[in-house]
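Numbering (my numbering), first residue to last: 708 to 972. Where a beta carbon is used, it is the ideal one built from N, C-alpha and C, also for glycine. The model shown is predicted, which means the values in this text are computed figures rather than measured ones. Encoded as structure tokens, the structure appears first; notes follow it.
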Amino acid sequence: MLPGHDQSTYRLRMEWGPTGAEAVPADFAVVVDVLSFTTTLSVAIERGIEVFPFRWRDSRAAEHAMRHGATLAVGRFEALSRGDARHVSLSPASLAEVQGVERLVLPSPNGSTIAFALAESGAQVVGACLRNAGAVARWLAPKVAEGASVVVVPAGERWYDDTLRPAVEDLWGAGAVLAALDREAEAEASPEARTAMAAWHAAVLPFDLLHCAGGRELIEAGFVADVEIAAQHDVSEVVPVLVGESFRDATDLLPPGPRLRRVGG
Numbered sequence: 708m709l710p711g712h713d714q715s716t717y718r719l720r721m722e723w724g725p726t727g728a729e730a731v732p733a734d735f736a737v738v739v740d741v742l743s744f745t746t747t748l749s750v751a752i753e754r755g756i757e758v759f760p761f762r763w764r765d766s767r768a769a770e771h772a773m774r775h776g777a778t779l780a781v782g783r784f785e786a787l788s789r790g791d792a793r794h795v796s797l798s799p800a801s802l803a804e805v806q807g808v809e810r811l812v813l814p815s816p817n818g819s820t821i822a823f824a825l826a827e828s829g830a831q832v833v834g835a836c837l838r839n840a841g842a843v844a845r846w847l848a849p850k851v852a853e854g855a856s857v858v859v860v861p862a863g864e865r866w867y868d869d870t871l872r873p874a875v876e877d878l879w880g881a882g883a884v885l886a887a888l889d890r891e892a893e894a895e896a897s898p899e900a901r902t903a904m905a906a907w908h909a910a911v912l913p914f915d916l917l918h919c920a921g922g923r924e925l926i927e928a929g930f931v932a933d934v935e936i937a938a939q940h941d942v943s944e945v946v947p948v949l950v951g952e953s954f955r956d957a958t959d960l961l962p963p964g965p966r967l968r969r970v971g972g
């Protein structure tokens with residue numbers, strides 16, 4: 708790693724995608740994928756569903772669901788092609804109506820890969836979106852006040868050559884968490900983190916999410932409801948925390964013991 712790239716002199720940090728997640732370690736790591744992994748995650752947790760993120764969307768996902776006694780979420784277009792409302796999909800709108808699901812495997816090559824990479828680094832991983840940005844910030848604020856560091860990782864998307872496409876909606880989501888956390892904890896933020904905050908303050912919701920590239924893509928495919936749900940700000944109090952292989956609401960977990968490692972200062 709080049710000197711300075713780990714943002715270790717700041718308690719609030721921000722870096723993009725899987726590579727950035729590895730480059731900027733911290734005590735707590737917040738994954739943001741507004742369209743739609745962490746938005747879908749927030750809706751599922753609100754409904755009391757334990758969520759098992761999974762890195763692959765193939766036969767391994769079905770085997771993973773069977774192993775955990777969980778329902779497998781299929782892709783949006785797969786559910787649409789089946790024409791069966793009973794199929795749970797990666798669409799947050801579909802999860803908002805689901806009944807009788809207690810455990811869910813949520814395939815997400817991008818968001819899941821980032822979450823598990825961060826967990827393997829020793830960080831406590833949290834899922835955030837626009838819907839629960841304030842709740843995540845309030846949960847993190849006492850930890851930051853005690854000296855913990857936080858990195859917020861906007862997931863971004865992939866171009867056709869598999870390189871990272873920074874997605875503006877994820878920058879807004881990261882900025883929403885960081886701005887709320889900065890107000891709560893008054894911690895010093897890196898220039899990267901402050902840039903995300905500035906982007907968030909400049910965003911106009913729901914208009915900008917409906918008209919940005921990611922929003923237009925989903926709307927043209929018939930998923931306007933997903934974008935509308937993702938554009939809701941601070942409507943949820945859930946704090947999805949990755950424990951082992953699954954995300955659960957922080958309020959359902961026992962208070963954690965001392966875990967601060969003072970990563971990078």
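Check, Outcome
"Helix, strand or coil at Val758 [DSSP, three-state]", "strand"
"Supposed contact pair Pro799 and Arg764 - C-beta distance, whole angstroms, cut 8 Å", "Arg764 to Pro799, Cβ: 17 Å. No contact."
"Cβ contact check for the region 709-718 and the region 837-846: 3 or more pairs under 8 Å", "no"
"Segment contact, 8 Å Cβ cut-off, at least three pairs: the region 884-899 with the region 758-774", "no"
"Euclidean distance between Cα positions of Glu935 and Glu809", "25 Å"
"Range of the contiguous beta strand (DSSP E) that encloses Val859", "Val857 to Pro861"
"Sequence-distant residues of the same chain with beta carbon closer than 6 Å to Ala874, five excluded per side", "Gly863, Glu864 and Gly921"
"Contact under 7 Å by Cβ, Ser856 with Ala733", "yes"
"Beta-carbon gap between Ala932 and Thr746 smaller than 7 Å", "no"
"Any 3 or more C-beta pairs closer than 8 Å across the region 840-855 and the region 750-760", "no"
"Cβ neighbour criterion (16 or more within 10 Å) applied to Trp866", "exposed"
"Beta-ladder partner(s) of Thr778, from DSSP", "Leu811"
"Sheet register partners of Ser953 (DSSP bridge)", "Val950"
"Coarse secondary structure for Leu885, derived from DSSP in three states", "helix"
"Option in Ala824, Arg872 and Ala900 with minimal Cα separation from Val858", "Ala900"
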